[in-house]
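At position 234 of the sequence shown (counting the first as 1) the number is 235 in this note's numbering, and the numbers step up by one without a gap.
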Amino acid sequence: MNLKTLANDIRLQVGFTLFLVWFLDIWHFRSDPHILQIIVYPLLAILLVAIFDLCLTFLRYRKTYLPTAVVVSGFLIGLIISPSEPVWVILTAGVLVTLSKQFLAKGIRQHIFNPAALGIMGVYLIFGTTVAWWGVSWSWYPLAILVPLMIRILWRLHRLYLPLGFLLVYFIYLILTSSADLALGTLVDPTVLLFALVMLPEPITSPIAGYFKYLFGAGVAIIAILMSTFLKIGDVFLPSLLLSNLASFLIIRLMAKTKKVQ
């Protein structure tokens, strides 16, 4: 694999975007008492997931590959889970990411659930960890990196309809239930945009074919709205994404079986 191929790897491009956000965080929080964790946790998550995933892939399939996707998962773990959490929370999240990719999958590197979302929600359920989104929630500055770079990437992938559908439905709901100012403020909230631009359109776990691909983002928003209305839960975005991943997998599988019968 040459440098040009690596440069064109979408997963590394997304990873580089998150790297820039992380680098901005390091500068901003340079005097924070948790600066060591801010630096180490994303790198630790990337290293752990890469080693664990490579070992399991080789043991199960006798195959090796360059695990570029772990850069994205590792940075998301490091940017969403608070740096004040103990190190074993990061380690557990990394293990859950790998297990979800290996065993909750429809084939080699064809996982059903968004790995980072499952890892983060896993430690939330096990340890009661706060889903902090700390890496972007402190200011609008991370958006100066995140928005233009991710829009460019999603435009190339023809996947902008996923975050747009999510944001449109969420905006309409907020307009109908609150004020226009709150709706607009939420629409450009760094937490919402990190979720909508990076986690939601993950290529393997979101549909890429058929009309269903246009409804996926809107469906995630509807589930998030229902969860926020009827459940007392700290974060609704990640569980709504995981439920949508499962629903998408089941619907596509059912449609495939129906076509075979016909």
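By construction, the Cβ of each residue, glycine as well, lies at the ideal position given by its N, Cα and C atoms.
For residue i, collect the residues of the same chain with a Cβ closer than 6 Å to its Cβ; drop the 5 residues on either side in sequence, then sort them by chain order.
i          : result
residue 43 : 23, 75, 76 and 79
residue 69 : 10, 12 and 13
residue 46 : 75, 78, 79, 91 and 95
For residue i, which residues of its own chain have a beta-carbon under 7 Å away from its beta-carbon, when the five flanking residues on both sides are left out?
i           : result
residue 208 : 214, 217, 249 and 253
residue 191 : 137, 138, 141, 143 and 144
residue 83  : 131, 133 and 135
residue 118 : 200, 239, 242 and 243
residue 50  : 71, 74, 75, 95, 98 and 99
residue 228 : 234, 237, 240 and 241
Under the assumption that residue i contacts residue j (Cβ atoms under 8 Å), give the Cβ distance between them as a whole number of angstroms.
i          : j           : result
residue 90 : residue 30  : That belief does not hold up - the Cβ atoms of residue 90 and residue 30 are roughly 18 Å apart, past 8 Å.
residue 81 : residue 148 : 18 Å between Cβ atoms; not a contact.
residue 33 : residue 39  : 7 Å
Closest by CA to residue i, which one among the options?
i           : options              : result
residue 145 : 195, 165 and 102     : 195
residue 219 : 175, 165 and 177     : 165
residue 154 : 174, 176, 203 and 36 : 203
residue 85  : 184, 47, 59 and 37   : 37
residue 152 : 15, 185 and 230      : 15
residue 205 : 107, 66 and 237      : 107
Determine which residues share a DSSP beta bridge with residue i and list them.
i           : result
residue 106 : 112
residue 132 : 82
CB residue i to CB residue j, shorter than 7 Å?
i           : j           : result
residue 123 : residue 92  : no
residue 226 : residue 244 : no
residue 114 : residue 100 : no
Using a Cβ-Cβ cut-off of 8 Å (strictly less than) and excluding sequence neighbours within five positions of residue i, which residues of its own chain qualify?
i           : result
residue 171 : 187, 188, 193, 222, 225 and 226
residue 21  : 146 and 150
residue 235 : 125, 131 and 132
residue 157 : 11
residue 65  : 55, 58 and 59
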